[in-house]
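A.B. asks: Take this structure first; my questions come after.
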Amino acid sequence: MSRIRLLDKEFEVYLDARTIQQRVQELAIQISADYMGTRPLFLSILNGSFLFTADLVRHLTIDPEISFIKLASYKGMRSTGRYTTAIGLDVDLLGRDVILLEDIVDTGNTLFQFLPHLQQQQPRSVRIATLLHKPEATQHPLTLDYLGFSIPNKFVVGYGLDYDGWGRQYDSIYQLVTE
Ligand code: 5GP
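Residue numbers (the working numbering): 404 to 582.
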């Protein structure tokens with residue numbers, strides 16, 4: 404399918420399934436080489452990264468531990484700052500090599516706010532693996548250690564990413580058609 408319609412919007416294919424699979428496999432090979440002899444903890448950030456995670460870990464040649472979290476952002480009662488906490492984080496991070504798995508880094512707000520909370524638990528190392536990055540949109544100095552694709556600042560769906568709850572199931576990534 405080269406075009407899909409979700410609710411009121413049209414999307415056209417931007418990264419096809421083969422291209423994605425090829426790149427995910429390359430990332431898995433790279434990560435396996437970098438972490439050879441260790442057992443890193445993959446923290447997959449739901450919902451969007453469930454397919455990326457499932458495909459990536461099947462190509463690893465190391466034995467990983469895999470856990471899933473949701474990040475919730477909320478406003479503090481007495482402060483104007485925003486906080487990002489992890490829901491479902493049930494693994495002790497002390498001394499662990501952590502690899503965060505993200506579907507997409509857009510503004511970077513989510514990860515930038517979450518990283519200090521993660522560091523409080525004193526992991527040995529933290530790296531970020533993201534399938535997609537929108538460099539034009541990113542507002543924070545984040546080091547993306549493993550990056551699938553840099554993409555333009557346009558809304559995308561598919562391969563785990565949704566538009567208002569629709570479109571996560573596709574194995575390709577589609578870009579919003581703006582007429
Ligand atoms: P950030 O905090 O980096 O701005 O945003 C991260 C989250 O925003 C992603 O995990 C994703 O859920 C959502 N997001 C950002 N850009 C897109 C996009 O183009 N399409 C979809 N479906 N979600 C996006």
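Beta carbons are placed, not taken as given, at the ideal position from N, Cα and C, and that holds for glycine.
Are the CB atoms of VAL427 and LEU534 nearer to each other than 9 Å?
C.D. replies: Yes, the Cβ-Cβ distance between VAL427 and LEU534 is below 9 Å.
A.B. asks: For PHE558, collect the residues of the same chain with a Cβ closer than 6 Å to its Cβ; drop the 5 residues on either side in sequence, then sort them by chain order.
C.D. replies: These residues qualify, in order along the chain: LEU579.
A.B. asks: In terms of alpha-carbon separation, which member of ASP493, LEU430, GLN523 and THR487 lies closest to LEU547?
C.D. replies: LEU547 has its Cα closest to that of LEU430, out of ASP493, LEU430, GLN523 and THR487.
A.B. asks: Rank ASP466, LEU454 and GLN522 by C-alpha distance to the C-alpha of ASP437 and give the top, closest one.
C.D. replies: The candidate whose alpha carbon is nearest that of ASP437 is ASP466.
A.B. asks: Pick from ASP574, ASP493, HIS520 and GLY551: whose alpha carbon is nearest that of GLU606?
C.D. replies: Given that the chain is displayed from residue 404 to residue 582, the structure contains no residue 606 and the question cannot be resolved.
A.B. asks: Applying the criterion that 16 or more other CB atoms from any shown protein chain within 10 Å of the CB defines a buried residue, is PRO443 buried or exposed?
C.D. replies: Classification of PRO443: buried, given that the 10 Å Cβ count is 16 or more.
A.B. asks: Identify every residue that forms a DSSP beta bridge with THR533.
C.D. replies: DSSP output for THR533 lists GLU505 and LEU550 as bridge partner(s).
A.B. asks: Would you say ALA540 and GLY511 are within 9 Å of each other, going by their C-beta atoms?
C.D. replies: Result yes, Cβ atoms of ALA540 and GLY511 sit closer than 9 Å.
A.B. asks: Taking only heavy atoms of the ligand 5GP into account, decide whether any of them is closer than 8 Å to the Cβ of GLU505.
C.D. replies: Yes, since a heavy atom of the ligand 5GP falls inside the 8 Å radius drawn around the Cβ of GLU505.
A.B. asks: Return the first residue and the last residue of the alpha helix (DSSP H) that VAL580 is part of.
C.D. replies: Careful: VAL580 lies outside any alpha helix (DSSP H) and carries neither H nor E.
A.B. asks: Exposed or buried, ILE490, counting other C-beta atoms within 10 Å across all chains shown (16 or more means buried)?
C.D. replies: Flag for ILE490 reads exposed.
A.B. asks: Where does PHE558 fall in DSSP's three states?
C.D. replies: In this structure, PHE558 counts as coil in the three-state DSSP scheme.
A.B. asks: Nearest by alpha-carbon distance to LEU446: which of VAL494, SER575 and ASN556 is it?
C.D. replies: For LEU446, the nearest C-alpha among the options comes from VAL494.
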